[in-house]
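Asker: Residue numbers (the numbering used here), protein chains in the order written: chain A, 1 to 338; chain B, 339 to 676. Take a look at this one; I'll ask things after.
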């Protein structure tokens, strides 16, 4: 449990990464009561300087020595780093907010989306996990509909930007685009194939079932956050040549009827969700428009009459903010307020 | 009916467009028995010269005067042009192969995908329609599965390249990309929003139901080609920043069980379909790889266990070739062979 203080020491593991930098900014923007912010990352980023409240703070190396004293430790440095260092950080007394996949399905670790299931934090044992970016957006859109009409099954196809992979992928999309427009050669490093002007139906690693970890985990994580193991869900995750923010096409089958207008009303009242849905005026959520925004945007809400009580919709959200850094900060704010 | 000849006069309406130019190339590639190829388009393209079998042929204006003498007339110039000129062409004795949406759902017009329902051509009255590009790929993948296990319902999300909109959209994606990378301003003309580094869930016009014509027609056209009005289908059509070739994520619910291996086997035997499905070796259909190819590529074939007898798969195909020009030429070849 977090001990009550007026200001807290915060550690950010993965501080030099895309989400780490956003964490620094969001903590500042929201005036989080931080006494100190300790920046940690791998050896390659050691010594890199990041502005924290007007001071240039050097990134320290996350090494084998004792985890630094911190009240709250954010981990956004991948599952391997989390598996290696999170237990030590928690044992040293930090409350860990882990953005990796390492502890999400661990039964003693709550998996939390701030607007959906903060109440599950009560039971934490030093580690709180935040879901995959797509799951965060997904459950925020599903929750009000699930409460009203009980969702039976979801078919989701994602349009994921390269920022979810990290800085090297952002550079690769830009570099490949320039190379292609200038008829120059290029190599593929961040992805197995060219991402410029191409879509790749491959996010994370393939499993024996033929699905990727991203696709398979979506159902497990959504079920855990919504606390409903009967929810059926199948996913196809696709990487698209977009720099930032993700989108998804959702097909939803519910137990009870819920006309689009009612769905629109329920979603518009949901915290953290914005309904942006006036197609006749060409208004629907777009990745370029939601970048830098805090909310999950929902549009193209319409009946699917190919099944009883069917609904289609389209989501877009900033995968680095609400899909990662913002949700983690919201969890920290809740811990502080408790 | 087409009169038997050794060589045929062919007219191409929309000759200066993306599909029109591809038609010229495919007729040549496949050595279509053309005595003459008449190129027609709107006033803006009048006089433009296109190479046809080594000769530079001038594009003629499609005007109010009598439709030129032609045995076969391809129409790929949009629904308005087809509505205005196709009846005259058919009345003048041409067999029209229409790629627009104008006659697809007309009960006296067969809607044909060469590998799926050539037999329906028998009943034509001077006009044969070819479906939307997405429908052509969709039914080619569905047909073998439908025959084996009876498909109940399909949820499809498309990833459509800008080439489907035409040359001005190809230029717009290239131009906007360069402008963005150089921090220059740009305008949106081909689409209501920026397409460079962005996905737009809006293909064709919105209807009152909240769906677009592209989405709504997909079900109607697939039902007509497969001759099965019980097939349920819901679609979300999305424009992506890719120059050429389309892709789609398909979720299929069947009446009978059909394991992925069996589906793979049936699809690999289907004419015009190539199974490209070895995810562990990073092999799955990609838009950049299928461009210029004749076949529809299928991969990521896997069980969807969120529903009984569920299957997920991923398609990619050249929307200008198989999705339009090639299918039309295949129909013409069938007419000639009869």
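All C-beta atoms in this analysis are idealised placements derived from N, C-alpha and C, irrespective of residue type, glycine included.
(1) Nearest chain A C-beta to residue 535 (chain B) closer than 9 Å, yes or no?
(2) Following the continuous beta strand (DSSP E) through residue 346 (chain B), name the residue where it begins and the one where it ends.
(3) Among the candidates A:319, A:301, A:213 and A:81, whose CA atom is the shortest distance from the CA of residue 549 (chain B)?
(4) Which chain A residues sit within Cβ distance under 7 Å of residue 549 (chain B)?
(5) Is residue 534 (chain B) near residue 518 (chain B), with beta carbons less than 9 Å apart?
(6) Using the beta-carbon of each residue, which ones in chain B are nearer than 9 Å to residue 202 (chain A)?
(7) Are residue 584 (chain B) and residue 420 (chain B) closer than 9 Å when you measure CB to CB?
(8) Just to confirm before moving on: does the CB-CB distance between residue 364 (chain B) and residue 673 (chain B) stay below 9 Å?
(9) Could you please give the first and the last residue of the uninterrupted alpha helix (DSSP H) stretch that includes residue 555 (chain B)?
(10) Which term fits residue 222 (chain A), buried or exposed, when burial requires 16 or more other beta carbons within 10 angstroms of its beta carbon?
(11) Contact defined as beta carbons within less than 8 Å: I believe residue 641 (chain B) pairs with residue 649 (chain B). What is the distance between those atoms, to the nearest angstrom?
(12) Considering only residues of the same chain and omitting the five flanking positions on each side of residue 215 (chain A), which have a CB-CB separation below 6 Å?
(13) Just by C-beta distance, which residues in the region 310 to 327 of chain A are closer than 8 Å to chain B?
(14) Just to confirm before moving on: does the CB-CB distance between residue 498 (chain B) and residue 541 (chain B) stay below 9 Å?
(15) Closer than 7 Å, Cβ to Cβ, to anything on chain A: give me those residues from the region 584 to 601 of chain B, in chain order.
(16) Give the residues from the region 558 to 573 of chain B that approach chain A closer than 7 Å (Cβ to any Cβ), ordered along the chain.
(17) Could you tell me the alpha carbon to alpha carbon distance between residue 135 (chain A) and residue 117 (chain A), rounded to whole angstroms?
(18) Report, in whole angstroms, the separation of the C-beta atoms of residue 163 (chain A) and residue 244 (chain A), which I expect to be a contact under 8 Å.
(19) On a CA-only basis, which of B:511, B:603 and B:366 is nearest residue 636 (chain B)? Give me that one, please.
(20) Can you give the Cα-Cα distance for residue 437 (chain B) and residue 488 (chain B), rounded to whole angstroms?
(21) Looking at the unbroken beta strand (DSSP E) that takes in residue 152 (chain A), where does it start and where does it end?
(22) Among B:590, B:491 and B:589, which residue has its Cα nearest to the Cα of residue 567 (chain B)?
(23) Could you round the C-beta distance between residue 62 (chain A) and residue 50 (chain A) to whole angstroms and report it? I think they count as a contact, below 8 Å.
(24) Of all Cβ atoms in chain B, is any one closer than 9 Å to the Cβ of residue 193 (chain A)?
(25) Going by beta-carbon coordinates alone, are residue 459 (chain B) and residue 669 (chain B) separated by less than 9 Å?
(26) Does the distance between the C-beta of residue 186 (chain A) and the nearest non-hydrogen atom of the ligand NAD fall short of 8 Å?
(27) Under the assumption that residue 494 (chain B) contacts residue 586 (chain B) (Cβ atoms under 8 Å), give the Cβ distance between them as a whole number of angstroms.
(28) Would you say residue 240 (chain A) lies against chain B (beta-carbon separation less than 9 Å)?
(29) Taking just the CA atoms, how far does residue 532 (chain B) sit from residue 523 (chain B)?
(30) Please report the straight-line C-alpha distance between residue 270 (chain A) and residue 504 (chain B), rounded to a whole angstrom.
(31) Run through chain B and tell me which residues come within less than 7 Å of residue 306 (chain A), C-beta to C-beta.
(32) So for residue 646 (chain B), helix, strand or coil by DSSP?
(33) So for residue 672 (chain B), helix, strand or coil by DSSP?
(34) From B:385, B:596 and B:464, pick the residue whose C-alpha is nearest to that of residue 643 (chain B); which is it?
(35) Figure out for me which residue from A:253, A:337 and A:35 has the closest Cα to the Cα of residue 148 (chain A).
(36) Rounded to whole angstroms, what's the CA-CA distance from residue 114 (chain A) to residue 41 (chain A)? Just pull it up for me.
Answerer: Judging by the given coordinates:
(1) In the second chain, the residue the question calls residue 535 (chain B) occupies position 197. Taking CB atoms only, residue 535 (chain B) has a neighbour in chain A less than 9 Å away.
(2) Taking the first residue of the second chain as 1, we reach residue 346 (chain B) at position 8. Unbroken beta strand (DSSP E) run through residue 346 (chain B): 346 to 351.
(3) Against the second chain, residue 549 (chain B) aligns to sequence position 211. Nearest to residue 549 (chain B) by C-alpha distance, out of A:319, A:301, A:213 and A:81, is A:301.
(4) For the purposes of this step, residue 549 (chain B) is taken as residue 211 along the second chain, with counting starting at 1. For residue 549 (chain B), the chain A residues whose C-beta falls within less than 7 Å of its own C-beta are 302, listed in chain order.
(5) For the purposes of this step, residue 534 (chain B) is taken as the residue at position 196 of the second chain. For the purposes of this step, residue 518 (chain B) is taken as the residue at position 180 of the second chain. Judged by their CB atoms, residue 534 (chain B) and residue 518 (chain B) are nearer to each other than the 9 Å cut-off.
(6) The count along the first chain starts at 1 and reaches residue 202 (chain A) at position 202. Residues of chain B whose Cβ lies closer than 9 Å to the Cβ of residue 202 (chain A) are, in chain order, 617, 620, 622 and 638.
(7) The count along the second chain starts at 1 and reaches residue 584 (chain B) at position 246. The count along the second chain starts at 1 and reaches residue 420 (chain B) at position 82. Against a cut-off of 9 Å, the Cβ pair of residue 420 (chain B) and residue 584 (chain B) comes out as no contact.
(8) The count along the second chain starts at 1 and reaches residue 364 (chain B) at position 26. The count along the second chain starts at 1 and reaches residue 673 (chain B) at position 335. With respect to residue 673 (chain B), residue 364 (chain B) sits apart: the two C-beta atoms are not nearer than 9 Å.
(9) By 1-based counting over the second chain, the position of residue 555 (chain B) is 217. 551 to 564 is the span of the alpha helix (DSSP H), which, as asked, contains residue 555 (chain B).
(10) Here residue 222 (chain A) refers to the residue found at position 222 of the first chain. Burial of residue 222 (chain A) is indicated by the presence of at least 16 other C-beta atoms within 10 angstroms of its C-beta.
(11) As a position in the second chain, residue 641 (chain B) is number 303, starting the count at 1. As a position in the second chain, residue 649 (chain B) is number 311, starting the count at 1. At roughly 7 Å, the Cβ-Cβ gap stays under 8 Å, so residue 641 (chain B) and residue 649 (chain B) are in contact.
(12) Residue 215 (chain A) sits at position 215 when you count from the first residue of the first chain. The residues are 235 and 237.
(13) Contact residues of the region 310 to 327 of chain A toward chain B are 310, 312 and 314 (C-beta to C-beta distance below 8 Å).
(14) Residue mapping note: residue 498 (chain B) aligns to position 160 of the second chain, counting from 1. Residue mapping note: residue 541 (chain B) aligns to position 203 of the second chain, counting from 1. Residue 498 (chain B) places its beta carbon less than 9 Å from that of residue 541 (chain B).
(15) Here the close residues are 585, 587, 589 and 598.
(16) Going along the region 558 to 573 of chain B in chain order, one finds 570, 571 and 572 with a Cβ nearer than 7 Å to chain A.
(17) As a working note, residue 135 (chain A) is residue 135 in the first chain. As a working note, residue 117 (chain A) is residue 117 in the first chain. So the two alpha carbons sit approximately 13 Å from each other.
(18) Locating residue 163 (chain A) in the first chain gives position 163, where the first residue counts as 1. Locating residue 244 (chain A) in the first chain gives position 244, where the first residue counts as 1. That belief holds up - the Cβ atoms of residue 163 (chain A) and residue 244 (chain A) are roughly 5 Å apart, short of 8 Å.
(19) Within the second chain, the letter at position 298 stands for residue 636 (chain B). Distance from the Cα of residue 636 (chain B) is smallest, within the candidate group B:511, B:603 and B:366, for B:603.
(20) Locating residue 437 (chain B) in the second chain gives position 99, where the first residue counts as 1. Locating residue 488 (chain B) in the second chain gives position 150, where the first residue counts as 1. Each residue's alpha carbon lies about 28 Å from the other.
(21) Start at 1 with the first residue of the first chain, and residue 152 (chain A) comes out as number 152. Element bounds for residue 152 (chain A): 151 to 160.
(22) Within the second chain, numbered from 1, the residue matching residue 567 (chain B) stands at position 229. The residue with the shortest Cα to Cα distance from residue 567 (chain B) is B:491.
(23) As a first step, residue 62 (chain A) must be located in the first chain, where it is residue number 62. As a first step, residue 50 (chain A) must be located in the first chain, where it is residue number 50. Not quite, the Cβ-Cβ distance comes to about 15 Å (not below 8 Å), so this is no contact.
(24) By one-based count along the first chain, residue 193 (chain A) stands at place 193. It does; some Cβ of chain B falls within 9 Å.
(25) In the second chain, residue 459 (chain B) corresponds to position 121, counting from 1. In the second chain, residue 669 (chain B) corresponds to position 331, counting from 1. A contact, by the Cβ cut-off of 9 Å.
(26) The model depicted lacks the ligand NAD and carries no ligand whatsoever.
(27) The residue given as residue 494 (chain B) occupies position 156 in the second chain. The residue given as residue 586 (chain B) occupies position 248 in the second chain. The pair is a contact, with the Cβ atoms about 6 Å apart (cut-off 8 Å).
(28) Translated into positions along the first chain, residue 240 (chain A) becomes position 240. At a cut-off of 9 Å between beta carbons, residue 240 (chain A) contacts chain B.
(29) As a position in the second chain, residue 523 (chain B) is number 185, starting the count at 1. As a position in the second chain, residue 532 (chain B) is number 194, starting the count at 1. For residue 523 (chain B) and residue 532 (chain B), the distance between alpha carbons rounds to 11 Å.
(30) Taking the first residue of the first chain as position 1, residue 270 (chain A) is located at position 270. Taking the first residue of the second chain as position 1, residue 504 (chain B) is located at position 166. So the alpha carbons of these two residues sit roughly 40 Å apart.
(31) Mapped onto the first chain, residue 306 (chain A) falls at position 306. The CB of residue 306 (chain A) comes closer than 7 Å to the CB of 491, 570, 571 and 572 in chain B, given here in chain order.
(32) Counting from one through the second chain, the residue named residue 646 (chain B) turns up at place 308. Residue state, collapsed to three classes: coil.
(33) Numbered from its first residue, the second chain carries residue 672 (chain B) at position 334. Here residue 672 (chain B) sits in helix by DSSP.
(34) Counted from its first residue, the second chain places residue 643 (chain B) at position 305. Nearest C-alpha to residue 643 (chain B): B:596.
(35) Mapped onto the first chain, residue 148 (chain A) falls at position 148. Considering only alpha carbons, the answer is A:253.
(36) Along the first chain, one-based indexing puts residue 114 (chain A) at 114. Along the first chain, one-based indexing puts residue 41 (chain A) at 41. C-alpha of residue 114 (chain A) to C-alpha of residue 41 (chain A): approximately 26 Å in a straight line.
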